[in-house]
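In what follows, a structure is listed as structure tokens, so that the remarks can point back to it.
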Amino acid sequence: MVGINFIQQVSRARNGVGSFVLPCKKIVITYCNFGGSSQGMRDFLRLKMKNFATENPEVEFQVLSKPGFHPVIRGFYTNSQTKQICCRKWNADVIENKLKLLINSSGRQLVKPKQKVVSMNKSVRGIWSPFHVDPSQRYKI
Amino acid sequence: MLKSSRRVIYSLRLSPIRRALSTSPVKPSPLTVTPAKKRSFKFSYERSNNAIVEEPELKVPENKLDFGKYERSSYKLKIGEEDAKRIPSIVALHSRLGLSPSYQHSTLARALTCKMKDSEYADNKQMALFGANLLSFYVTEHLITEYPRLPISILKNATDAYIGDFSLCDVAKNSWGIEEDETSNLEKYLSREPKLFKFGRLRYDKNTTQVEKGITKFDDTTATSLSKATAFADSVRAIIAGVYAHDGESKTKKFIDDHILSRKVDISSMFEFREPGKLLARLLKVKQMEAPTVRLISETGRLSNSPMFVVGCFSGDSMLAGGEGSSLKEARIRSFVNSLKAFYLYRPLDTKVPSDDNFKPLFVDEGEPFY
């Protein structure tokens, strides 16, 4: 249109508004077939893994044997970050809880929030302005 | 005497019919038809070039309006449903997007396969094209009903912000978690990955190649090569076309509402007015309102190094918008911009789009005649 230019934009995701897509897309589990630190992980894979994977169909599970290393679970997220937890000497229940922690994580790095509210929207009220107050009521220096 | 004559001239100028009837000694010049100027710039959502599929390659359903039933038969290989269900990333993606059980996994695998030079597998080209049309239909009707007074350039730009290549690429990559197939055949062989698993990732002919570390060759264009953003965006479009084919129109609308229209686009920051004062004056003239006047509401620190002025833009007695700035000129221009935006960003309450069930058309404006 004559006299009106446009500035191009890219829409920004608001996960949870409209639809929620789980950010955790893949979990890789590594274990050792004979190491003592992998005992709990081997128990988990033998007894609980099948149920756990069917309960979480949104996540792709990959189990790798890595002989001679401690067992590690590694989560891959849609924001192309990864989070890994070493499960050395942990029993099957603890490992299950840690897997739940990975699945429920957003993949973002942990930061201490500086504001109580974080929003993409501008404040509805706007910034307070002394100029819109009635002149008789204004603060006088 | 002078005043009255001026008034006469003024009234004459205002009534073109009377002037035309009174005297017209000169024959009006014949109308010349100027060819419409072809717009060279195109947004990415408009750029899809329609590849014509010939009749024998296409299975046309009996009801030709049943768009989900068209089928292409020009490819040699197709991933079957059983095979597709064995690809973990496809199963996970199906579940993550909350697709219905009637949505076949093989469709999802096909949606991730772009048209490639040496591939005989079914590709997503036609699906992406249909998905692009679905997207532009639903997004445009949403924007037009939500903001009925948007100028056409801003409307197109807002549509592009929702369904352009870069936005849909962000949907595919950073929301849905679709991965690109980057490993070579050798790497796949060494990692003992089943051959089937490559269909769970987005595959396309890249138009850039990594010649060696740190050197990228651009413009490696062939007939099938795509940029990264276009390839990812096409996968989203194809998945949406799949929703239409398997679940029908109303589910598609819901899917687009949930995944595309729920994203954040700030339309008010898209405007860039070249001469806001002139535009506002013209707009008010068309709407038969008084010309804009700017009045100072309050000020502070005029002689300091950080003054502040608050002005209001008025048409007659009604204030159109306020504006503040650190100089009178800045505040004035801001008030013009704010009043233009107050007009263009008008939103009716409780809008319904034309594809809704009990839609009632709403008369908003007669439009702007000067464009």
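The listed protein sequences correspond, in order, to chains A and B. First residue of the first sequence? That's 1 in full-length UniProt numbering, and the numbers climb one at a time after it. First residue of the second sequence? That's 1 in full-length UniProt numbering, and the numbers climb one at a time after it. Don't be surprised by glycine CBs; every beta carbon is placed ideally from N, CA and C.
Residue i versus residue j - alpha carbon distance
i                      : j                      : result
residue 342 of chain B : residue 30 of chain A  : 59 Å
residue 368 of chain B : residue 286 of chain B : 8 Å
residue 138 of chain A : residue 298 of chain B : 11 Å
residue 21 of chain B  : residue 279 of chain B : Model confidence at residue 21 of chain B stands at a pLDDT of 43, short of 50, so the residue's coordinates are unreliable; what they give is reported in the following sentence. Residue 21 of chain B and residue 279 of chain B: Cα-Cα distance of roughly 33 Å.
residue 189 of chain B : residue 64 of chain A  : 16 Å
residue 153 of chain B : residue 167 of chain B : 18 Å
residue 8 of chain A   : residue 126 of chain A : 25 Å
residue 262 of chain B : residue 302 of chain B : 45 Å
residue 284 of chain B : residue 60 of chain B  : 53 Å
residue 8 of chain B   : residue 271 of chain B : Caution is warranted here: a pLDDT of 44 is assigned to residue 8 of chain B, below 50, making its placement in the model unreliable, and the coordinate value is therefore given only provisionally. Approximately 42 Å between the Cα atoms of the pair.
residue 170 of chain B : residue 267 of chain B : 19 Å
residue 292 of chain B : residue 107 of chain B : 58 Å
residue 347 of chain B : residue 187 of chain B : 55 Å
residue 215 of chain B : residue 208 of chain B : 10 Å
residue 39 of chain A  : residue 113 of chain A : 39 Å
residue 184 of chain B : residue 117 of chain B : 16 Å
residue 13 of chain A  : residue 176 of chain B : 11 Å
residue 192 of chain B : residue 34 of chain A  : 22 Å
residue 24 of chain B  : residue 334 of chain B : Its pLDDT being 47, under 50, residue 24 of chain B is placed unreliably in this model, and the coordinates cannot settle the point.
residue 196 of chain B : residue 84 of chain B  : 8 Å
residue 62 of chain A  : residue 26 of chain A  : 8 Å
Proximity of residue i and residue j at Cβ, strictly below 8 Å
i                      : j                      : result
residue 22 of chain A  : residue 96 of chain B  : yes
residue 315 of chain B : residue 290 of chain B : yes
residue 202 of chain B : residue 163 of chain B : no
residue 111 of chain B : residue 242 of chain B : yes
residue 101 of chain B : residue 200 of chain B : no
residue 124 of chain B : residue 235 of chain B : yes
residue 122 of chain B : residue 78 of chain B  : yes
residue 83 of chain A  : residue 75 of chain A  : yes
residue 260 of chain B : residue 139 of chain B : yes
residue 18 of chain A  : residue 258 of chain B : yes
residue 324 of chain B : residue 336 of chain B : no
residue 114 of chain B : residue 45 of chain B  : no
residue 264 of chain B : residue 119 of chain A : no
residue 321 of chain B : residue 237 of chain B : no
The beta strand (DSSP E) enclosing residue i, as first and last residue numbers
i                      : result
residue 276 of chain B : Premise fails: residue 276 of chain B lies in the alpha helix (DSSP H), 276 to 286, not in any beta strand (DSSP E).
residue 216 of chain B : 215 to 217
residue 267 of chain B : Segment: none, residue 267 of chain B is in no beta strand (DSSP E) and carries neither H nor E.
residue 338 of chain B : No beta strand (DSSP E) holds residue 338 of chain B; the alpha helix (DSSP H) holding it covers 328 to 344.
residue 4 of chain A   : 4 to 6
Cross-strand partners of residue i (DSSP beta bridge)
i                      : result
residue 74 of chain A  : A:28, A:84
residue 206 of chain B : B:226
residue 59 of chain B  : B:71
residue 313 of chain B : B:294, B:321
residue 63 of chain A  : A:29
residue 121 of chain B : B:77
residue 300 of chain B : B:308
Span of the alpha helix (DSSP H), counted from its first residue to its last, around residue i
i                      : result
residue 145 of chain B : 125 to 146
Cβ separation of residue i and residue j, assumed to be a contact under 8 Å, to the nearest whole Å
i                      : j                      : result
residue 326 of chain B : residue 339 of chain B : Wrong, their Cβ atoms sit about 20 Å apart, outside the cutoff.
residue 130 of chain B : residue 67 of chain B  : 7 Å
residue 24 of chain A  : residue 59 of chain A  : 6 Å
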